[in-house]
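*Asks:* When you read off a place in the sequence shown, starting at 1, and then add 42, the result is the number in the working numbering.
First the structure, then my questions, so here it is.
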Amino acid sequence: LAKSGLDVYAHNMETVERLQPFVRDARANYQQSLNTLQHAKKVVPSLYTKTSLMLGLGETDDEVIQTMKDLRSINVDVLTLGKSGNIR
43 LAKSGLDVYA HNMETVERLQ PFVRDARANY QQSLNTLQHA KKVVPSLYTK
93 TSLMLGLGET DDEVIQTMKD LRSINVDVLT LGKSGNIR
């Protein structure tokens, strides 16, 4: 897919690692998403990679910062942040 001519490869992390089991399908997980984004960048280094996080699900500031560090460590280019309907 990364080699298909895309300008941006988008794959959503959805939430911080601790909350993954409560938000995502059990077949997907945090490390799998990191690996997916990392692989796209490895295959086409010039490809922009993008992901999104939902906030307000009970995550801590430290968890969000760690997620941002994890994404930066694999050279994700764009991170969008959204909020869930009910902020906690």
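Each residue gets a CB set at the ideal place from its N, CA and C atoms; glycine is no exception.
In whole angstroms, give me the CA-to-CA distance for residue 46 and residue 97.
*Replies:* 31 Å
*Asks:* Can you tell me which of the three DSSP states residue 83 falls into?
*Replies:* Helix.
*Asks:* Roughly how many whole angstroms lie between the Cα atoms of residue 107 and residue 44?
*Replies:* 27 Å
*Asks:* Report the residue from 73, 118, 85 and 53 whose alpha carbon sits nearest the alpha carbon of residue 61.
*Replies:* 73
*Asks:* Beta-carbon separation of residue 56 and residue 113 under 8 Å?
*Replies:* No, the pair does not count as a contact, with Cβ atoms beyond the cut-off.
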